[in-house]
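Here the UniProt record's numbering is used: position 238 in the sequence shown is 238, and no number is missing along the way.
C-beta atoms are modelled at their ideal positions from N, C-alpha and C, and glycine is treated no differently.
Accompanying notes for the structure given below.
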Amino acid sequence: MWDEIGEGEEDRRGMLQALEEECLNVYRAKVEQVRQHRAQLKREIADSVAEVAAICATIGEPPATVQTACSSLQGTGSLKEELGSIAPELAEMRRRREERRRQFSDVTERVNRIHQEMNLGGGQPRVVADSSDLTLTKLEELRAYLQHLQSEKESRTRKVAELMASLHSSSLVLGMNPREIIATHGGDQAGHFSDDAIARLASEIERLREIKRSRMGKLQDLLASMLELWNLMDTPAEEQRRFQGVACNIAASEDEITEPNALSMDFIRNVEAEVVRLETLKECRMKDLVVKKYDELKEIRRRARLPEEDDGDAVAMFDAIDSDAERALILERLEVQISEAKDLEFSRKDVLERMDKWQAALEEESWLEEYNRNENRYNVGKGTHLVLKRAEKARALVSKMPAMAEALTAKVVAWEKERGVKFEYDGEALLDMLEEYSNARKEKEQERKRQRDQRRLQGAAPERDASPVARPPPKNIKNVTRTLSMGGSARKASASSSRPGTPSFLKSPMSARRGGSDEGQMMASDSFE
């Protein structure tokens with residue numbers, strides 16, 4: 001075509017050179033395109049390896065996984081084969097990362113929900129999973145925190161249930177409507193176990209407890225007054241039955257009062273009205289109460305063998321009862337005297353018990369003397385063996401009388417040393433009475449010994465009806481007789497003046513009633529000595 005056209009050699013060489021240059025440019029472009037493709041494949045391979053490494057680091061996989069992926073590339077020929085071999089590993093790691101993210105999302109959602117329930121949407125910040133840290137360690141920490149929150153929620157739920165039960169119980173005891181109180185303090189709202197809800201419930205329960213303690217104090221004061229008035233006026237059991245159940249709460253603690261309406265205002269007003277009624281009735285019966293208390297005081301002093309009060313004082317006290325200003329003071333003074341008399345009676349109890357035993361021994365001694373004077377005591381008859389047994393027991397008891405007297409004296413001395421006053425028995429010093437008895441017993445023993453010596457000197461056989469020489473009775477024989485012989489009769493004074501009478505403290509009411517004489521008592525005492 002150039003020959004036909006007639007192109008010159010120079011033009012031909014230029015055109016061929018240009019064509020060669022254009023071919024080189026096309027070749028160079030293709031080479032550059034292939035080079036770029038190769039570089040892109042290498043980048044994709046590197047990015048894939050880096051992504052696999054990053055995912056492994058994010059989810060906490062060991063580095064061996066990345067090393068395994070890199071080693072698998074070394075055995076392949078082309079870059080496409082290398083990229084094709086790492087693609088499945090990358091897809092698997094992405095799948096595992098997404099699964100881990102779902103796990104984190106589930107845990108964080110539950111944590112945030114509990115936060116919202118426990119704090120009613122405020123307080124704790126929202127928990128968000130960190131996408132750069134999806135390791136199992138972090139997931140376990142988050143799960144442990146979730147478990148802690150669940151335990152805290154259960155604990156608070158139980159605490160709220162206990163607070164609600166306490167609130168309900170206190171409301172019923174106080175006669176209030178628990179539903180209104182619970183609704184007022186948000187007990188029906190969702191998330192009522194939050195800090196604020198628990199604090200409100202605790203505050204309300206404390207307020208109810210304050211009311212309960214206040215009403216308890218008022219009710220117990222009223223009950224104490226009621227019981228005192230019942231005791232003062234001997235209120236019949238039928239009248240007490242109405243308040244008998246609540247009267248048991250006078251010493252109850254706060255937690256022991258659980259009956260509904262036990263501290264309601266209506267019930268307290270009823271108790272208060274009853275106390276006012278009893279107070280009004282007490283004013284009408286004040287004089288009778290004072291007389292009753294005075295009789296009680298006299299009975300206590302009689303049991304304790306204390307001297308009776310002067311009748312003039314009693315009359316003056318009764319005359320003062322007509323004065324309204326003195327009634328309360330007289331009643332209070334009687335209560336104090338009764339309390340002091342009871343304490344004194346208790347302190348004298350041991351001595352009085354021994355004194356009773358001593359008087360019983362005196363009774364047996366008197367009976368034994370009379371028994372020994374009986375000449376027919378050994379005759380066989382109905383009941384003789386019983387009398388002999390009693391005589392044997394009486395002799396054993398009489399033999400213990402000196403020891404009993406010593407023990408009684410020691411008790412009286414100890415009592416007087418502790419109290420600093422004399423121990424009086426029916427108005428007379430008991431030690432003086434015991435000493436007088438001891439002296440009389442010694443005189444009796446000496447007289448008995450003198451009679452025995454005289455009979456031996458005379459060589460006369462002892463006769464049971466022989467009587468000792470009369471000796472004057474001991475001092476204060478009348479007082480000793482009245483005290484130690486348990487009410488001996490004045491008939492003892494009618495005994496024959498030619499014979500010495502038995503000392504009054506050796507006689508008992510039984511011997512006094514029988515009017516037995518002291519004839520032959522010296523010989524009788526020899527028989528049981």
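Just the Cα atoms here: how many angstroms apart are residue i and residue j?
i	j	result
K138	M93	18 Å
K449	R348	38 Å
L229	L386	54 Å
L41	R97	24 Å
R38	E61	30 Å
L397	A391	10 Å
D288	N261	37 Å
V413	E299	26 Å
I5	I45	56 Å
K282	L219	20 Å
A50	C56	10 Å
E370	S399	17 Å
L134	V128	12 Å
I198	R242	40 Å
W415	F423	7 Å
S214	M286	32 Å
N270	V290	28 Å
T280	Q240	17 Å
E365	A394	7 Å
E140	R200	35 Å
residue 537	E332	Nothing about residue 537 can be reported from this structure: the residues present for the chain run from 1 to 529 only.
I59	V34	37 Å
V160	Q150	15 Å
P402	W367	18 Å
M226	L278	7 Å
S155	P178	23 Å
E254	L222	16 Å
I182	E256	23 Å
R102	R95	11 Å
E109	A91	27 Å
Locate the alpha helix (DSSP H) running through residue i, then write down its first and last residues.
i	result
I5	2-5
Y294	286-303
C248	C248 -> no alpha helix (DSSP H), and no H or E assigned at all.
D130	Counting along the chain, D130 falls outside any alpha helix (DSSP H), and DSSP gives it neither H nor E.
Y145	136-173
S225	195-233
A396	384-399
Specify the secondary structure class of residue i as computed by DSSP and reduced to three states.
i	result
A429	strand
E259	coil
E61	coil
E22	helix
E375	coil
E308	coil
R464	Residue placement at R464 is poorly supported in this model, since its pLDDT is 45, which falls under 50; the coordinates are not used for a value here.
By a C-beta neighbour count over all protein chains shown, 10 Å radius and 16 as the cutoff for buried, is residue i buried or exposed?
i	result
M15	exposed
A361	buried
M433	buried
M118	buried
S170	buried
R43	exposed
R305	buried
V336	exposed
S203	exposed
M1	exposed
S105	exposed
Y27	exposed
P100	The sequence as given places Arg at residue 100; Pro does not occur at that position. Answer is buried; the Cβ neighbour count reaches 16.
L457	exposed
A87	exposed
V275	buried
| query | Between the segment 258-274 and the segment 160-174, do at least 3 Cβ pairs fall closer than 8 Å? | reply | yes
| task | Assess, as a yes-or-no matter, whether the segment 156-171 is touched by the segment 197-208 under the definition of 3 or more beta carbon pairs within less than 8 Å. | result | yes
| message | Measuring CB atoms only, is the segment 328-348 touching the segment 372-391, in the sense that at least three cross pairs come out at less than 8 Å? | response | no
| request: Taking 8 Å as the threshold, find out whether the segment 290-304 comes into contact with the segment 244-251 through three or more Cβ pairs. | output: no
| Cβ contact (3+ pairs, closer than 8 Å) linking the segment 402-412 and the segment 426-446 | yes
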